[in-house]
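*Asks:*
Residue numbers (the working numbering), protein chains in the order written: chain W, 1304 to 1481; chain X, 33 to 323.
What follows is the structure, encoded as structure tokens:
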């Protein structure tokens, strides 16, 4: 039953082959096998959003996916987004607007905000609140987070993706369509 | 917690998936979007010898209009439904209700077929399918059967799906111009499970209500049509007094439960209020041009 599966995954722009047991959660694979501990694990049942990553360019919760399902996929974690500089201004605004205290939810908040701002060039206050409600914070009361994201939207701090015309959400979970 | 060990099978064609179900059905579970299944595995509320992952079965993800019906492949993501111009135009109730389905990072993975097969009593799609009198197309290796939504849901987390069967397609009659639709939901926070959600589909016959279908989610026994309220409204000219009466009749026709989130009396109240809201909104929506 503990058969190992070989998967090929692109993580933060680097492709690699890995051996995983079928039941290995994608969040554990990212944290423990790859050592990318910026992806946090809170509730481990898809509620708190702390484990949010970009899976084939779309926000998804890595604690309710299996690593074996990432075969052929492209994953971005907070480490990749930070190093690329894409969210530099967003991160600065989080600091400026006091959008974090303990920092546990911050990677997920940044990814959620990044995903939201790429999809909506100028989101309404309601859209920002609804979009950011996908991740839980236990410290800030959210006001600072909302302020940071609102300011980031005003400044166009996150560029729309090059493939903005492509429909989201097709059945590309395994990236095998090509 | 972590899931118990299982054998992972990942067919890339529907026939292979059906073969695997025929072989392992009783001890296997289909992994679609996984947004409800994986949490139950993490908690070890569910344990299966085999998981059959159908995310690679590309032929099950589509939205198309054929012969007056919108046909949606079971592996179509909720996010794709939310963004589909075809769905907005021909099944506006489905588009509207999808906004209430969890949060965006869930909708990017979650599928319509998974949600319907899982049949959570709080889920929106079962109620929508009941209100739209949709049809579910089930396959096993030998046969295909078409099951009306009104017969598909048996109880909480329970459907007529047999162990060797897979839900492959959902068919929804395309919206007609004289129809109007509305969906409303009350939850603790946007994206949370519904305390009560309500779907409405009406058709106007001149000034009178010609057809009326209402379905609620959030009642523990499963999605429910509110037929007493429907009967009261059909053939009548809508008025504020009539809607108040319909809300009262609806709330008395069901037996909601008390739980952590709301007691039975509050749910009953919500059924009353939401029925009035969606009935009025659906009547107003009838005849409106759809973009």
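The beta carbon of each residue, even a glycine, is placed where N, CA and C say it ideally should be.
No experiment lies behind these values; they were computed from the predicted model shown.
Suppose contacts are defined by Cβ-Cβ distances below 8 angstroms. Is residue 1412 of chain W in contact with residue 1438 of chain W by that definition?
*Replies:* Yes, Cβ-Cβ distance for residue 1412 of chain W and residue 1438 of chain W is below 8 angstroms.
*Asks:* Hey, does residue 1373 of chain W have any beta-carbon neighbour from chain X nearer than 8 angstroms?
*Replies:* Cβ-Cβ to chain X under 8 angstroms: no for residue 1373 of chain W.
*Asks:* Could you name the residues of chain W that residue 34 of chain X contacts, counting a contact when the two beta carbons are closer than 9 angstroms?
*Replies:* What residue 34 of chain X touches in chain W: 1326, 1327, 1328, 1331 and 1347.
*Asks:* Among the residues of its own chain, which have a CB less than 8 angstroms from the CB of residue 1472 of chain W, if the five just before and after it don't count?
*Replies:* With a pLDDT of only 39 at residue 1472 of chain W, under the threshold of 50, the placement of this residue in the model should not be trusted, and no figure is reported.
*Asks:* Can you find a C-beta in chain W that's less than 8 angstroms from the C-beta of residue 74 of chain X?
*Replies:* Yes, its Cβ sits closer than 8 angstroms to a Cβ of chain W.
*Asks:* What I want to know is whether the C-beta of residue 155 of chain X ends up closer than 7 angstroms to one or more non-hydrogen atoms of the ligand ZN.
*Replies:* For the structure depicted, the ligand ZN is absent and the ligand set is empty, with no information on it obtainable.
*Asks:* Quick check: the Cα distance between residue 28 of chain X and residue 188 of chain X, rounded to an integer number of angstroms?
*Replies:* As displayed, chain X neither begins before 33 nor continues past 323, which places residue 28 of chain X out of reach and without an answer.
*Asks:* Buried or exposed, going by whether 16 or more other CB atoms sit within 10 Å of the CB of residue 258 of chain X?
*Replies:* Residue 258 of chain X comes out buried.
*Asks:* What does the Cβ neighbour count give for residue 1368 of chain W, buried or exposed, with the cut at 16 atoms within 10 Å?
*Replies:* When all chains shown are included, residue 1368 of chain W counts as buried.
*Asks:* Using a Cβ-Cβ cutoff of less than 6 angstroms, which residues in the same chain neighbour residue 130 of chain X once the five nearest sequence positions on both sides are dropped?
*Replies:* If we look at residue 130 of chain X and ignore the five residues flanking it on each side, its Cβ neighbours are 110, 113 and 114.
*Asks:* Helix, strand or coil: which one does DSSP assign to residue 35 of chain X?
*Replies:* In the structure shown, residue 35 of chain X sits in coil (DSSP, three-state: anything other than H, G, I, E or B).
*Asks:* Can you tell me whether residue 1383 of chain W is buried or exposed? The criterion is at least 16 other CB atoms within 10 Å of its CB, across all chains shown.
*Replies:* By the 10 Å Cβ count, residue 1383 of chain W comes out buried.
*Asks:* Do you know how far the Cα of residue 118 of chain X is from the Cα of residue 245 of chain X?
*Replies:* If I take the Cα positions, the gap works out to 22 angstroms.
*Asks:* Is there a Cβ from chain W that is less than 8 angstroms from the Cβ of residue 267 of chain X?
*Replies:* By this cut-off, residue 267 of chain X is not an interface position.
*Asks:* Label residue 116 of chain X either buried or exposed according to how many other C-beta atoms from any shown protein chain fall within 10 Å of its C-beta, with 16 as the threshold for buried.
*Replies:* Result: buried.
*Asks:* Just checking: is the beta-carbon of residue 216 of chain X within a distance shorter than 8 angstroms of some beta-carbon in chain W?
*Replies:* Output row for residue 216 of chain X: interface = no.
*Asks:* Using beta carbons (cut-off 8 angstroms, strictly below), is residue 1430 of chain W in contact with chain X?
*Replies:* It does not; no Cβ of chain X falls within 8 angstroms.
*Asks:* My output table needs one value for residue 299 of chain X: the three-state DSSP class, helix, strand or coil.
*Replies:* If DSSP states are grouped into helix, strand and coil, residue 299 of chain X belongs with the helices.
*Asks:* Taking Cβ positions only, does residue 297 of chain X come closer than 8 angstroms to chain W?
*Replies:* No, residue 297 of chain X lies away from the interface with chain W (no Cβ there is under 8 angstroms from its Cβ).
*Asks:* Measuring only the C-alpha atoms, how far is residue 1379 of chain W from residue 1357 of chain W?
*Replies:* Looking at the two C-alpha atoms, the distance is approximately 5 angstroms.
*Asks:* Report the neighbours of residue 174 of chain X on chain W: residues whose CB is nearer than 7 angstroms to its CB, in chain order.
*Replies:* The contacting residues do not exist; residue 174 of chain X stays about 25 angstroms from chain W at best.
*Asks:* Once DSSP output is grouped into helix, strand and coil, what is the label at residue 1308 of chain W?
*Replies:* Strand at residue 1308 of chain W.
*Asks:* Quick check: the segment 189-196 of chain X against the segment 49-69 of chain X, are at least 3 beta-carbon pairs closer than 8 angstroms?
*Replies:* Yes, the segment 49-69 of chain X touches the segment 189-196 of chain X.
*Asks:* Leaving aside the five residues before and after residue 45 of chain X along the sequence, list all residues of the same chain whose C-beta is less than 6 angstroms from its C-beta, in chain order.
*Replies:* Hits under 6 angstroms: none found.
*Asks:* Would the segment 1427-1446 of chain W count as touching the segment 1382-1398 of chain W if we require 3 or more Cβ pairs under 8 angstroms?
*Replies:* No, they do not touch.
*Asks:* So, for residue 49 of chain X: in the same chain, excluding its five sequence neighbours on each side, which residues have a beta-carbon less than 7 angstroms away from its beta-carbon?
*Replies:* Hits under 7 angstroms: 43, 84, 86, 89 and 198.
*Asks:* Can you tell me which of the three DSSP states residue 131 of chain X falls into?
*Replies:* In this structure, residue 131 of chain X counts as coil in the three-state DSSP scheme.
*Asks:* Compare the C-beta of residue 1383 of chain W against all C-beta atoms of chain X and say whether one is closer than 8 angstroms.
*Replies:* Judged by the 8 angstroms Cβ criterion, residue 1383 of chain W is not in contact with chain X.
*Asks:* So, does the segment 1436-1456 of chain W touch the segment 1402-1411 of chain W, judging by three or more C-beta pairs under 8 angstroms?
*Replies:* Segments in contact, yes.
*Asks:* How would you write the range of the beta strand (DSSP E) that residue 180 of chain X sits in, first residue to last?
*Replies:* Run containing residue 180 of chain X: 176-180, per the beta strand (DSSP E) assignment.
*Asks:* Which bits of chain X does residue 1436 of chain W rub up against, with CB to CB less than 8 angstroms?
*Replies:* Per Cβ cutoff of 8 angstroms: 135, 221, 222 and 223.
*Asks:* Could you check which residue in X:62, X:64, X:71 and X:34 has the C-alpha nearest to that of residue 1332 of chain W?
*Replies:* Closest by alpha carbon: X:34.
*Asks:* Pull up the DSSP beta-bridge partners for residue 1254 of chain W, would you.
*Replies:* No statement about residue 1254 of chain W is possible, as the shown extent of chain W runs from 1304 to 1481 and does not include it.
*Asks:* On a Cα-Cα basis, can you pick out the residue from X:141, X:97, X:293 and X:312 that is closest to residue 221 of chain X?
*Replies:* The option with the nearest alpha carbon to residue 221 of chain X is X:293.
*Asks:* Here's the rule I'm using: 16 or more other beta-carbon atoms within 10 Å means buried, otherwise exposed. How should residue 1327 of chain W be labelled?
*Replies:* Residue 1327 of chain W is buried by the Cβ-count criterion.
*Asks:* How long is the line joining the alpha carbons of residue 239 of chain X and residue 273 of chain X, rounded to whole angstroms?
*Replies:* Each residue's alpha carbon lies about 16 angstroms from the other.
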